[in-house]
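Number of protein chains: 2
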Amino acid sequence: MSYTIQEVAKKMAISTYSIRYYHDHGMLPFVKRDANNNRVFEDTDLEWLHLIVCLRQTGMPVERIQHYLELVQEGESTVPERYEMMKAQQSRTLDEINDLQNHLKTINIKVDHYADVLIHHKPDSFVPSNIPEAEEHDVYQENQ
Amino acid sequence: MSYTIQEVAKKMAISTYSIRYYHDHGMLPFVKRDANNNRVFEDTDLEWLHLIVCLRQTGMPVERIQHYLELVQEGESTVPERYEMMKAQQSRTLDEINDLQNHLKTINIKVDHYADVLIHHKPDSFVPSNIPEAEEHDVYQENQ
DNA sequence: TTACCACCTTAGGACTACTAGAAGGCAAGC
DNA sequence: GCTTGCCTTCTAGTAGTCCTAAGGTGGTAA
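Residue numbers (UniProt numbering), protein chains in the order written: chain L, 1 to 144; chain D, 1 to 144.
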């Protein structure tokens with residue numbers, strides 16, 4: 001199966017700008033062109049792109065993704081480094097999900113509060129946000 | 001309690017650059033200065049900042065956050081708009097958590113695969129990513 | 001045949017939200 | 001008096017994405 005850039009954008013739920021950016025920066029090395037110089041995407045290109053989108057949306061910078069894709073093409077000797085990269089990305093993503101779930105609690109409190117104000121005519125509190133004790137971070141070190 | 005910018009950065013797990021950025025852009029309207037022109041943060045400022053960090057990290061643009069904070073200061077008449085904003089943010093965040101959990105599955109497959117290659121000496125597959133059917137999006141509309 | 005639409009292309013600039021560096025002020029300690 | 005270390009402001013740079021301009025191609029329809 002072949003796809004146009006538009007079809008791929010729709011399938012992956014990203015913009016055509018981003019796809020061209022990834023292609024122009026060497027992250028989609030197997031994409032072909034047709035007689036009119038238009039990009040032609042095959043299923044393997046979609047698999048590459050799927051991984052790129054996955055890594056990008058879990059916070060890996062483009063430069064690291066480029067490095068990872070080079071490692072894949074270098075072959076089996078690079079498996080240890082790729083393993084470490086994926087483990088790091090795994091724990092990053094778990095942390096991010098955890099952070100988002102904590103943030104969701106804060107947002108839920110806001111939603112519930114405003115519903116109370118609107119439906120039960122409770123007074124609006126000016127306090128913008130209550131900080132749960134557990135959300136304090138004391139491990140953060142700047143400039144390291 | 002009063003805090004320096006450094007202490008606040010540590011507490012909130014963000015950089016001092018970001019805090020200054022938020023302050024300079026009017027998002028921390030109550031922050032005082034000491035005799036040496038240094039920023040002095042009180043507990044209410046931490047509450048504001050906590051909400052800013054929460055909204056920012058769940059994807060709300062700075063401009064929208066500024067607007068929200070203006071609404072809070074305008075008083076109770078703006079509760080309906082604030083309610084809509086928080087509900088939108090709630091569903092955005094739920095979607096993002098869901099996306100991350102799907103991406104995590106892809107990463108988990110990679111980690112498991114590399115572990116297999118390293119420990120059980122299975123061959124490395126060149127296939128970068130298998131695209132689950134369920135992850136295809138056909139609702140995406142570009143330029144809207 | 002000409003007009004028009006819808007898609008593609010490249011090049012280049014604008015934008016957001018930081019991020020970093022330079023240069024300097026002030027207070028405490030030796 | 002000097003160093004250290006924190007703070008300040010100002011300016012410039014960055015990543016990644018978005019957008020526009022200007023143009024090419026193919027299909028259809030009056």
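Just so you know, even glycine gets a beta-carbon here, dropped at the ideal spot from N, CA and C. For clarity, every value in this text was computed on a predicted model and none was experimentally measured.
Is residue i close to chain L, meaning its C-beta is less than 9 angstroms from at least one C-beta of that chain?
{"i": "D/G26", "result": "no"}
{"i": "D/N38", "result": "no"}
{"i": "D/H120", "result": "no"}
{"i": "D/R64", "result": "no"}
{"i": "D/V79", "result": "yes"}
{"i": "D/K32", "result": "no"}
{"i": "D/T4", "result": "no"}
Is there a C-beta anywhere in chain D that falls below 9 angstroms from the one on residue i?
{"i": "L/T58", "result": "yes"}
{"i": "L/M1", "result": "no"}
{"i": "L/Y114", "result": "yes"}
{"i": "L/P61", "result": "no"}
{"i": "L/H23", "result": "no"}
{"i": "L/H67", "result": "no"}
{"i": "L/E142", "result": "Its pLDDT being 36, under 50, L/E142 is placed unreliably by the model, and nothing is read from it."}
{"i": "L/R20", "result": "no"}
{"i": "L/V111", "result": "yes"}
Do residue j and residue i count as a contact pair if the criterion is CB distance below 9 angstroms?
{"i": "D/L71", "j": "D/I52", "result": "no"}
{"i": "D/H50", "j": "D/M12", "result": "yes"}
{"i": "L/Y83", "j": "D/V31", "result": "no"}
{"i": "L/T58", "j": "L/E96", "result": "yes"}
{"i": "L/I19", "j": "L/L28", "result": "yes"}
{"i": "L/R64", "j": "L/M86", "result": "no"}
{"i": "L/Q90", "j": "L/G26", "result": "no"}
{"i": "L/H113", "j": "D/T93", "result": "no"}
{"i": "D/L55", "j": "L/L100", "result": "no"}
{"i": "D/I5", "j": "D/N38", "result": "yes"}
{"i": "L/Y22", "j": "L/V79", "result": "no"}
Check the DSSP bridge columns for residue i and list the partner residues they point to.
{"i": "D/S2", "result": "D/E42"}
{"i": "L/N32", "result": "Reading off the sequence shown, one finds Lys at residue 32 of chain L, where the question assumed Asn. L/V40."}
If contacts are defined as beta-carbon pairs under 8 angstroms, then residue i and residue j qualify, I think. What distance do you get, rounded to the angstrom?
{"i": "L/D124", "j": "D/E76", "result": "5 angstroms"}
{"i": "L/Y3", "j": "L/F41", "result": "4 angstroms"}
- [ ] Taking a Cβ distance cut-off of 8 angstroms, strictly less, list which residues of the segment 73 to 105 of chain L are near chain D, in chain order.
- [x] So the close ones are G75, E76, V79, P80, R82, Y83, M86, K87, Q89, Q90, T93, L94, E96, I97, D99, L100, Q101, H103 and L104.
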